[in-house]
Amino acid sequence: MSTIDKNLTSFIDIAADSDFSIHNLPYGIFSEAADGKRRAGVAIGEQVLDLSVLETEGLLSLDGGSYFDQPTLNAFIDSGRNNWTKTRTTIQALLSNASETLRDNTELQKKALFKQADVTMHLPVQVPGFTDFYSSKEHATNVGTMFRDPNNALLPNWTEMPVGYNGRASTVIVSGTDVIRPSGQLKPNADDRPIFSPCKRLDFELETAFVVGKGNNIGQPIAVDEAADHIFGMVLLNDWSARDIQKWEYVPLGPFNAKTFASEVSPWIVTMDALAPFKTSCPTQEPKPLAYLNEKAADSSFDITLSVELLPENANEATVVCETNFKYMYWSMAQQLTHHTITGCKVEVGDMMGSGTISGPTPDSYGSMLEIAWNATKPVTLKGGEIRSFIEDGDTVIMKGYSEKDGIRVGFGEVRGKVLPALTFDFDK
Ligand code: CA
Numbered sequence: 001m002s003t004i005d006k007n008l009t010s011f012i013d014i015a016a017d018s019d020f021s022i023h024n025l026p027y028g029i030f031s032e033a034a035d036g037k038r039r040a041g042v043a044i045g046e047q048v049l050d051l052s053v054l055e056t057e058g059l060l061s062l063d064g065g066s067y068f069d070q071p072t073l074n075a076f077i078d079s080g081r082n083n084w085t086k087t088r089t090t091i092q093a094l095l096s097n098a099s100e101t102l103r104d105n106t107e108l109q110k111k112a113l114f115k116q117a118d119v120t121m122h123l124p125v126q127v128p129g130f131t132d133f134y135s136s137k138e139h140a141t142n143v144g145t146m147f148r149d150p151n152n153a154l155l156p157n158w159t160e161m162p163v164g165y166n167g168r169a170s171t172v173i174v175s176g177t178d179v180i181r182p183s184g185q186l187k188p189n190a191d192d193r194p195i196f197s198p199c200k201r202l203d204f205e206l207e208t209a210f211v212v213g214k215g216n217n218i219g220q221p222i223a224v225d226e227a228a229d230h231i232f233g234m235v236l237l238n239d240w241s242a243r244d245i246q247k248w249e250y251v252p253l254g255p256f257n258a259k260t261f262a263s264e265v266s267p268w269i270v271t272m273d274a275l276a277p278f279k280t281s282c283p284t285q286e287p288k289p290l291a292y293l294n295e296k297a298a299d300s301s302f303d304i305t306l307s308v309e310l311l312p313e314n315a316n317e318a319t320v321v322c323e324t325n326f327k328y329m330y331w332s333m334a335q336q337l338t339h340h341t342i343t344g345c346k347v348e349v350g351d352m353m354g355s356g357t358i359s360g361p362t363p364d365s366y367g368s369m370l371e372i373a374w375n376a377t378k379p380v381t382l383k384g385g386e387i388r389s390f391i392e393d394g395d396t397v398i399m400k401g402y403s404e405k406d407g408i409r410v411g412f413g414e415v416r417g418k419v420l421p422a423l424t425f426d427f428d429k
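Numbering (UniProt numbering), first residue to last: 1 to 429.
Spelled out as structure tokens, the structure:
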């Protein structure tokens, strides 16, 4: 297990509870209002370090060209693991107290450091493919209990494979993007035909997603013990879901329109190098997975504290509705990636793979309103008195996540999205 160098400190002021310590250094794409030019940066405290400036100054010295004066991180990620680690080590040294290069050069600081509050964040990668898994046993059990049979809540395939579906990369959006309430076919009464209506059961799903850092050739699966080498980093994901659209459409082929209007991600990709000190084991897998899913590594999960807050339009204060942890996930990211490619499916740099809703064992750790309010039978009272079973127009959903150990914090920041009213349609021609 990777250890943390506690003596490593930055010359930049960083609050003790900042997600963006010198031990983190997540990558993102940002622009300034002045020119709108997108380029790569890393978050440090409340600031962004402009990597395109460091590159121009010859301080990053990577082989193979310009990686950071780019509107996405794909080229950098595609340049390979050696470059990821080398860049991280170089930036960490430049930001440390021990190096004078940036510390004592106020001109360079002026060119390369920006307040996060003053810049706009964009999608960090061009996303060729989006996949969503269903890997929390607690979540799958809760959903199965509500909608099928409490005694057989998990379908027989669930403990044998990381179940998932191929989603839409085109509707992966960055934190801060408003979400229009979707409309579609609902079927409120079993005996009647469906109606066309705005979704009445709009929900969030608390998830993380990993970003593929190295693809494979079609026909060539990624072995489970090599899968970690194919993962660049992680983001928070709010997999917005229209429960009532989902309920009518999902038989027999699974989610379609209910999941493809907004998959909202946090703007900073936290690298697996930064998360390495927070490795932990997955829950015991029983039955033992088939050989192709059987990992040698005993610690292929991560201890990441996660939360969800709801903020109604006119509320003064957000209410925490869920606190959970990534470590409850039954299937590891390596197992997900291996299962995804086992038939020969090709994955590509920048692909995002959602974990599935991350629910813990107790009701205050459930990762969706469907579970928290138990299919609208246990509505939640928010601070200020508003009551919710699902998400209303004007509500903002905020998800946060961080790892912490020995006073060292590596966090994701947040993914934040506000719901706007449904469009009005006039189909009577
Ligand atoms: Ca999901």
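Beta carbons: idealized from backbone N, C-alpha and C, even for Gly.
Identify which residue in the options has its Cα closest to the Cα of residue i.
i, options, result
"L206", "F427, A93, W84, R416", "R416"
"G411", "D19, L306, M272", "D19"
"T341", "N257, V212, T260, E313", "V212"
"L125", "E295, S170, G254, Y330", "Reading off the sequence shown, one finds Val at residue 125, where the question assumed Leu. If we check each option's Cα against that of V125, S170 comes out closest."
"H139", "F427, L370, V380", "L370"
"F302", "L310, K346, I358, A318", "I358"
"F427", "E313, D203, K259, F196", "F196"
"S368", "E348, I14, D351, I398", "I398"
"M272", "F256, D229, T324", "D229"
"T3", "T319, K37, H23", "H23"
"F204", "C322, V270, G45", "C322"
"K37", "L113, T120, A43, Y27", "T120"
"P277", "G254, T284, I304, I29", "I304"
"Q116", "F261, N7, S31, S281", "S31"
"P255", "S266, A242, E264, P267", "A242"
"G401", "K327, G385, G384, L423", "K327"
"W158", "T145, F261, T141, V174", "T141"
"I14", "S96, P198, T260, N189", "S96"
"K405", "A274, P289, K296", "A274"
"A318", "T324, P421, L310", "L310"
"V174", "S300, T324, I269, P289", "I269"
"I12", "V127, R103, K279, E414", "R103"
"S99", "L8, S332, P188, N216", "L8"
"L123", "D63, G233, P71", "P71"
For residue i, count the other beta carbons within 10 Å of its own beta carbon; 16 or more makes it buried, fewer makes it exposed. Which is it?
i, result
"V251", "exposed"
"E249", "buried"
"I245", "buried"
"L25", "buried"
"R148", "exposed"
"S66", "exposed"
"T89", "exposed"
"A209", "buried"
"F425", "exposed"
"S61", "exposed"
"M1", "Note that M1 scores a pLDDT of 47, beneath 50, so its modelled location is shaky; the value from the coordinates is reported in the next line. Result: exposed."
"P361", "exposed"
"A376", "exposed"
"Y292", "exposed"
"P287", "exposed"
"N74", "buried"
"L423", "exposed"
"S52", "buried"
"D17", "exposed"
"Q336", "buried"
Go to residue i, then tell me how far its alpha helix (DSSP H) extends in each direction, as first and last residue.
i, result
"E47", "Here residue 47 turns out to be Gln, not Glu, going by the sequence shown. That residue, Q47, is in no alpha helix (DSSP H); its beta strand (DSSP E) goes 47 to 50."
"D244", "243 to 249"
"H339", "333 to 341"
"N83", "81 to 95"
"V143", "137 to 147"
"L108", "106 to 112"
"T377", "That residue, T377, is in no alpha helix (DSSP H); it is neither H nor E in DSSP."
"M369", "369 to 372"
"M272", "272 to 275"
"L102", "100 to 103"
Just checking residue i against ligand 3 - is the residue's beta carbon closer than 7 Å to any of the ligand's heavy atoms?
i, result
"D78", "Ligand 3 is absent from the structure shown, which contains only ligand 1."
Just reading off the beta strand (DSSP E) that residue i is part of, what are its end residues?
i, result
"F76", "Note, F76: premise wrong, no beta strand (DSSP E); alpha helix (DSSP H) at 74 to 78."
"I44", "39 to 44"
"G354", "352 to 354"
"A209", "206 to 212"
"F196", "195 to 198"
"D239", "231 to 239"
"T319", "319 to 325"
"residue 434", "For the chain, the structure presents residues 1 to 429; residue 434 sits outside this window and is missing."
"L186", "183 to 186"
| Touch check for the segment 150 to 167 and the segment 388 to 402: three-plus C-beta pairs under 8 Å? | no
| Which residues, in chain order, sit with a beta-carbon under 5 Å away from any heavy atom of ligand 1? | D132, E205, D239
| task | Spell out a yes or no on whether the segment 228 to 239 and the segment 379 to 391 are touching, meaning 3 or more CB-CB pairs, one atom from each, closer than 8 Å. | result | no
| field | Three CB pairs or more closer than 8 Å across the segment 217 to 226 and the segment 116 to 132 | value | no
| request: Spell out a yes or no on whether the segment 42 to 53 and the segment 90 to 102 are touching, meaning 3 or more CB-CB pairs, one atom from each, closer than 8 Å. | output: yes
| query | Any chance the segment 174 to 194 sits against the segment 337 to 356, with 3 or more Cβ pairs inside 8 Å? | reply | no
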